[in-house]
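First up is the structure itself, then whatever we jot down about it.
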Amino acid sequence: MESLYRKVLGPAFGRLQPELQEYFSLLPGSGSYGVGTGTFDVAGCPQAWLRPLLRPAGREEAFFPEYGTNIGFRIENHSHLDPFGRPSLTARREIRFPRVTRIFSDTTSLDTRLGLLDYVGAYRRLVTDLELSVTAEGYLRGVSQKSRALLGPLRVPLPAALDAKAYAEQRWDAAAGRFRIQVKVIQPLLGTVLVYAGAFDYRLQEYAAGSPEGRGAPGSLPPAVQPRAWHAQG
93 MESLYRKVLG PAFGRLQPEL QEYFSLLPGS GSYGVGTGTF DVAGCPQAWL
143 RPLLRPAGRE EAFFPEYGTN IGFRIENHSH LDPFGRPSLT ARREIRFPRV
193 TRIFSDTTSL DTRLGLLDYV GAYRRLVTDL ELSVTAEGYL RGVSQKSRAL
243 LGPLRVPLPA ALDAKAYAEQ RWDAAAGRFR IQVKVIQPLL GTVLVYAGAF
293 DYRLQEYAAG SPEGRGAPGS LPPAVQPRAW HAQG
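For the sequence shown, our numbering gives the first residue as 93, with consecutive numbering after it.
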């Protein structure tokens with residue numbers, strides 16, 4: 093069995109830094125999940141006037157209205173099959189601002205018809221096409237493409253003027269002995285609506301013995317990581 097990222101990248105996976113290859117090799121049913129802890133040099137919405145408008149998104153575990161520097165965070169990565177049998181990776185991030193801890197969660201799934209899809213938020217109401225590539229230095233780069241809102245049975249494409257595009261890059265910093273990540277989300281009319289960048293340590297942790305998530309049962313994730321809705325459509 094191949095990991096989700098190895099499936100998507102094909103031969104290019106071998107050009108990733110060895111540490112990144114190990115990071116992205118987590119398999120469903122392996123009995124383990126990934127845990128990262130670190131500090132964002134900067135995190136949140138850099139535009140003060142826009143932050144109040146993002147408060148509803150904070151409750152959706154998507155965008156959030158805070159902004160700060162030297163922000164502690166924790167991430168969990170769970171490799172699994174979603175309830176529809178698609179290879180998936182679910183990530184849950186705790187971003188610890190001084191007055192509140194925000195959750196930012198998503199599930200990346202490989203759809204045989206549509207390619208790599210990223211479902212964002214607690215209810216996974218937003219889905220975007222995701223393109224991955226490997227830089228000349230061996231870093232992993234991800235760029236979101238067209239987005240759709242999933243409203244019940246409806247699949248509503250966002251107009252180009254309203255759609256936001258995310259740019260992410262992850263690498264291994266050999267000098268520091270840590271992973272580094274930087275993400276920026278840019279909306280054509282509003283500019284940068286979200287940014288986070290920093291460094292973190294990473295380790296594998298075992299699921300509880302005999303648990304469904306440890307066996308890789310489709311749709312099984314620890315309760316704290318489970319989205320409030322799944323969507324078969326993209």
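Each residue gets a CB set at the ideal place from its N, CA and C atoms; glycine is no exception. A quick note: this is a predicted structure, and the numbers were derived from the prediction, not measured.
If you compare alpha carbons, which of the options is closest to residue i?
{"i": "residue 184", "options": "170, 176 and 190", "result": "170"}
{"i": "residue 222", "options": "245, 244 and 198", "result": "198"}
{"i": "residue 172", "options": "149, 217 and 120", "result": "120"}
{"i": "residue 99", "options": "139, 144 and 208", "result": "208"}
Does the beta-carbon distance from residue i to residue j come in below 7 Å?
{"i": "residue 126", "j": "residue 118", "result": "yes"}
{"i": "residue 234", "j": "residue 260", "result": "yes"}
{"i": "residue 178", "j": "residue 203", "result": "yes"}
{"i": "residue 236", "j": "residue 258", "result": "yes"}
{"i": "residue 134", "j": "residue 289", "result": "yes"}
{"i": "residue 214", "j": "residue 153", "result": "yes"}
{"i": "residue 181", "j": "residue 296", "result": "no"}
I'd like the list of long-range same chain contacts for residue i, defined as Cβ closer than 6 Å, with 5 residues on each side in sequence excluded.
{"i": "residue 262", "result": "232 and 273"}
{"i": "residue 279", "result": "256 and 285"}
What did DSSP end up calling residue i once you bin it into helix, strand or coil?
{"i": "residue 215", "result": "coil"}
{"i": "residue 287", "result": "strand"}
{"i": "residue 183", "result": "strand"}
{"i": "residue 229", "result": "coil"}
{"i": "residue 279", "result": "strand"}
{"i": "residue 269", "result": "coil"}
{"i": "residue 159", "result": "strand"}
{"i": "residue 105", "result": "helix"}
{"i": "residue 134", "result": "strand"}
{"i": "residue 177", "result": "coil"}
Leaving aside the five residues before and after residue i along the sequence, list all residues of the same chain whose C-beta is less than 7 Å from its C-beta, in chain order.
{"i": "residue 189", "result": "158, 160 and 163"}
{"i": "residue 146", "result": "137, 155, 156 and 157"}
{"i": "residue 107", "result": "226 and 230"}
{"i": "residue 264", "result": "109, 111, 112 and 271"}
Below 8 Å CB to CB, which residues in the same chain sit around residue i once its five sequence neighbours on both sides are set aside?
{"i": "residue 186", "result": "165, 166, 167, 193, 194 and 195"}
{"i": "residue 299", "result": "123, 124, 125, 305, 306 and 314"}
What does residue i pair with, by DSSP beta-bridge criteria?
{"i": "residue 245", "result": "Beta-bridge pairing links residue 245 to no other residue."}
{"i": "residue 257", "result": "278"}
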